[in-house]
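See structure below.
2 protein chains.
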Amino acid sequence: MKDFNSQIILGIDPGTHRMGWGIIQAEKRKATYLDCGVIEERKETKAEQLLALYKGLSALIEKHRPEMIGIEKLFFMKNQTTAMAVAEARGVVLLLAAENNLPVVEVAPTEVKQCVTGYGQADKKAVTKMVKLILGTDKLKVLDDATDALAIAISAMILK
Amino acid sequence: MKDFNSQIILGIDPGTHRMGWGIIQAEKRKATYLDCGVIEERKETKAEQLLALYKGLSALIEKHRPEMIGIEKLFFMKNQTTAMAVAEARGVVLLLAAENNLPVVEVAPTEVKQCVTGYGQADKKAVTKMVKLILGTDKLKVLDDATDALAIAISAMILK
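Chains as they are written, first to last, in this note's numbering: chain F, 1 to 160; chain V, 161 to 320.
And the structure:
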């Protein structure tokens with residue numbers, strides 16, 4: 001029977017060539033680690049690249065059946081070309097969420113830091129350390145982008 | 161029999177709530193007007209909005225079977241939040257192009273002006289006037305966003 005207090009959350013750290021993802025099970029405000037990884041693709045055109053990301057994420061959603069998506073909000077970036085490209089990838093993620101009727105929680109970078117470390121200006125090291133502590137994944141070898149995605153999933157659980 | 165000198169081009173002026181589109185038939189460098197319009201949607205969430213645009217464009221592609229997509233490149237915009245939202249919509253258009261195996265020609269705003277008026281700093285009025293002249297649509301009542309989309313389609317024909 002479905003436990004309505006429990007929810008599977010997919011956190012996504014959007015990127016064009018590397019997209020980190022992390023899946024947690026949220027029970028009230030307790031997060032349990034399920035899986036994580038990075039979708040990495042190098043296609044010739046931007047359109048093919050977005051299609052590859054779309055397919056990779058579709059497969060993930062089909063496999064893990066998340067009930068919510070957490071995604072990082074995009075803020076002012078020094079490199080506008082990169083920012084636009086990441087926003088295009090975000091568009092594909094949001095489209096997939098709507099296609100699968102999944103609610104989306106958008107979290108700002110400072111909110112992610114605040115949620116997992118209690119301090120909005122925390123550095124990357126502190127975020128990594130706290131994600132490991134919260135999820136008990138200190139023995140797992142987790143890539144940076146996937147750690148960020150797990151942090152985003154935890155933040156979505158807290159902020160939803 | 162398919163005429164390989166002739167090609168149907170769909171031009172898109174990307175936007176989040178209004179997306180202009182224009183379809184031309186390109187024969188060598190001669191453009192003929194086929195159709196144009198604006199997809200206008202107001203959904204509650206950004207994800208649902210992108211899905212509505214996706215569905216609208218899918219229907220257009222199915223109906224008109226374009227062989228190429230022209231889309232405006234995004235440049236520095238004063239309002240970064242708007243720029244990000246337009247980039248997300250662009251991501252959905254590029255995804256659709258890849259799903260339908262359609263080559264994409266991205267054109268900068270100055271290129272569009274250059275292509276249809278011969279002058280990269282031309283104003284909106286000159287662009288509208290020249291699109292009407294090139295396509296012979298002076299008797300058609302065409303919305304602004306659709307005129308831009310037709311100008312983008314003409315530019316894609318020239319720059320491809």
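Every residue gets a Cβ at the ideal spot worked out from N, C-alpha and C, and that includes glycine.
(request) Indicate the three-state DSSP secondary structure (helix, strand or coil) for Thr-137/F in the structure shown. (result) Locating residue 137/F in the first sequence gives position 137, where the first residue counts as 1. Residue state, collapsed to three classes: coil.
(message) Just to make sure I have the definition right: I need the residues of chain F whose C-beta is within less than 7 angstroms of the C-beta of Glu-208/V. Which are they?
(response) On the second sequence, residue 208/V is found 48 positions in, with the first residue counted as 1. Chain F residues near Glu-208/V: Ala-98.
(request) Would you tell me roughly how many angstroms separate the C-alpha atoms of Gln-209/V and Leu-95/F, rounded to the nearest one? (result) Here residue 209/V corresponds to residue number 49 of the second sequence, with the count starting at 1. Here residue 95/F corresponds to residue number 95 of the first sequence, with the count starting at 1. Rounded to whole angstroms, Gln-209/V to Leu-95/F spans 8 angstroms at the Cα level.
(message) Between which two residues does the beta strand (DSSP E) holding Gly-230/V run?
(response) Within the second sequence, residue 230/V is the residue found at index 70, counting from 1. Note, Gly-230/V: beta strand (DSSP E), 228 to 232.
(request) Quick one: grab the DSSP three-state call for Gly-278/V. (result) Your numbering for residue 278/V matches position 118 in the second sequence. Three-state DSSP puts Gly-278/V in coil, outside helix and strand.
(message) Can you find the residues in the same chain that come closer than 6 angstroms, C-beta to C-beta, to Ala-26/F, ignoring five residues on each side of it along the sequence?
(response) If you number the first sequence from 1, residue 26/F lands on position 26. Here the set comprises Gln-7, Ile-9, Met-157.
(request) Buried or exposed for Met-1/F, please, with buried defined as at least 16 other CB atoms from any protein chain shown within 10 angstroms of its CB. (result) Position 1 of the first sequence, counted from the first residue, corresponds to residue 1/F. Any reading at Met-1/F is ruled out, since the residue's pLDDT is 49, under 50, leaving its predicted position unreliable.
(message) Once the 5 residues before and after Ser-218/V are set aside, which same chain residues still bring their CB inside 8 angstroms of it?
(response) Locating residue 218/V in the second sequence gives position 58, counting from the first residue. Same-chain partners within the cutoff: Leu-256.
(message) Using beta carbons (cut-off 8 angstroms, strictly below), is Ala-89/F in contact with chain V?
(response) If you number the first sequence from 1, residue 89/F lands on position 89. Interface residue, yes.
(message) Looking at the secondary structure, which residues open and close the beta strand (DSSP E) in which Lys-28/F lies?
(response) The residue given as residue 28/F occupies position 28 in the first sequence. Per DSSP, Lys-28/F belongs to no beta strand (DSSP E) and is neither H nor E.
(request) Show which residues of chain V have a CB atom less than 9 angstroms away from the CB atom of Met-130/F. (result) Here residue 130/F refers to the residue found at position 130 when the first sequence is read from its first residue. None at all; the shortest Cβ gap to chain V is about 28 angstroms.
(request) Note the first and the last residue of the continuous alpha helix (DSSP H) segment covering Gly-56/F. (result) Locating residue 56/F in the first sequence gives position 56, counting from the first residue. Start and end: 46 to 64.
(request) Kindly say whether Leu-143/F, judged by its beta-carbon, lies nearer than 8 angstroms to any beta-carbon of chain V. (result) Here residue 143/F corresponds to residue number 143 of the first sequence, with the count starting at 1. No - not a single Cβ of chain V is within 8 angstroms of the one on Leu-143/F.
(message) I'd like to confirm the pairing. Which residues does DSSP put opposite Ile-8/F in its beta bridges?
(response) Looking up residue 8/F in the first sequence gives position 8. According to DSSP, which records beta bridges pairwise, Ile-8/F is partnered with Gln-25/F.
(request) Identify the contact partners of Tyr-214/V in chain F, using a Cβ-Cβ distance below 9 angstroms as the criterion. (result) For this step, residue 214/V is matched to residue 54 along the second sequence. Per Cβ cutoff of 9 angstroms: Leu-95, Ala-98, Glu-99.
(message) Could you check whether the region 186 to 202 of chain V touches the region 303 to 312 of chain V, counting it as contact only if at least three pairs of C-beta atoms, one from each stretch, sit closer than 8 angstroms?
(response) yes
(request) Would you verify that the beta carbon of Met-84/F is, or is not, closer than 8 angstroms to some beta carbon of chain V? (result) Here the question's residue 84/F lines up with position 84 in the first sequence. Taking Cβ atoms only, chain V reaches closer than 8 angstroms to Met-84/F, which makes this a yes.
(request) Inspect the beta-carbon positions of Gly-20/F and Ala-249/V and report whether they are closer than 8 angstroms. (result) The residue given as residue 20/F occupies position 20 in the first sequence. The residue given as residue 249/V occupies position 89 in the second sequence. Cβ atoms of Gly-20/F and Ala-249/V: not closer than 8 angstroms.
(request) With 8 angstroms as the threshold, decide whether the Cβ of Leu-234/V is near any Cβ in chain F. (result) Along the second sequence, one-based indexing puts residue 234/V at 74. It does; some Cβ of chain F falls within 8 angstroms.
(message) Please tell me whether Ile-183/V and Leu-295/V are closer than 8 angstroms, where the distance is taken between their beta carbons.
(response) What you label residue 183/V is simply residue 23 of the second sequence in a count that begins at 1. What you label residue 295/V is simply residue 135 of the second sequence in a count that begins at 1. For Ile-183/V and Leu-295/V, no; Cβs fall outside 8 angstroms.
(message) Contact between the region 264 to 278 of chain V and the region 229 to 236 of chain V is defined here as three or more beta-carbon pairs at a separation below 8 angstroms; is this criterion met?
(response) yes
(request) Determine the extent of the beta strand (DSSP E) in which Glu-201/V is found, giving its start and end residues. (result) Against the second sequence, residue 201/V aligns to sequence position 41. First-last for Glu-201/V: undefined, no H or E at that position.
(request) Taking only the alpha-carbon atoms, compute the straight-line gap between Ile-12/F and Lys-139/F and give it to the nearest angstrom. (result) Position 12 of the first sequence holds residue 12/F. Position 139 of the first sequence holds residue 139/F. Distance between the alpha carbons of Ile-12/F and Lys-139/F: 22 angstroms.
(request) Check Gly-91/F in the structure and name its three-state DSSP category. (result) By 1-based counting over the first sequence, the position of residue 91/F is 91. It is helical.
(message) Can you check whether the C-beta of Leu-60/F is within less than 8 angstroms of a C-beta belonging to chain V?
(response) As a position in the first sequence, residue 60/F is number 60, starting the count at 1. Chain V contact via Cβ: absent.
(message) Using 8 angstroms as the threshold, is the C-beta distance between Lys-273/V and Ala-282/V below it?
(response) Within the second sequence, residue 273/V is the residue found at index 113, counting from 1. Within the second sequence, residue 282/V is the residue found at index 122, counting from 1. Contact: yes.
(message) Pull the bridge partners of Gly-175/V from the DSSP assignment, please.
(response) Here residue 175/V is taken as the residue at index 15 of the second sequence, counted from 1. Answer by DSSP bridge pairing: none, since Gly-175/V is not bridged.
(request) Kindly indicate the opening and closing residues of the beta strand (DSSP E) around Val-264/V. (result) Position 104 of the second sequence, counting from 1, holds the residue named residue 264/V. Taken as a continuous stretch (DSSP letters only), the beta strand (DSSP E) holding Val-264/V covers 264 to 267.
(message) Rounded to whole angstroms, what is the Cα-Cα separation between Cys-275/V and Asn-165/V?
(response) The residue you call residue 275/V lines up with position 115 of the second sequence. The residue you call residue 165/V lines up with position 5 of the second sequence. Each residue's alpha carbon lies about 20 angstroms from the other.
(request) Tell me whether the beta-carbon of Thr-201/V lies closer than 8 angstroms to the beta-carbon of Leu-213/V. (result) The residue you call residue 201/V lines up with position 41 of the second sequence. The residue you call residue 213/V lines up with position 53 of the second sequence. Going by the sequence as given, residue 201/V is Glu instead of Thr. The answer is yes: Cβ separation under 8 angstroms.
(message) Using 8 angstroms for Cβ pairs, my map puts Val-287/V next to Gly-175/V. What's the rounded Cβ distance?
(response) The count along the second sequence starts at 1 and reaches residue 287/V at position 127. The count along the second sequence starts at 1 and reaches residue 175/V at position 15. Contact flag wrong, Cβ pair sits at about 17 angstroms.
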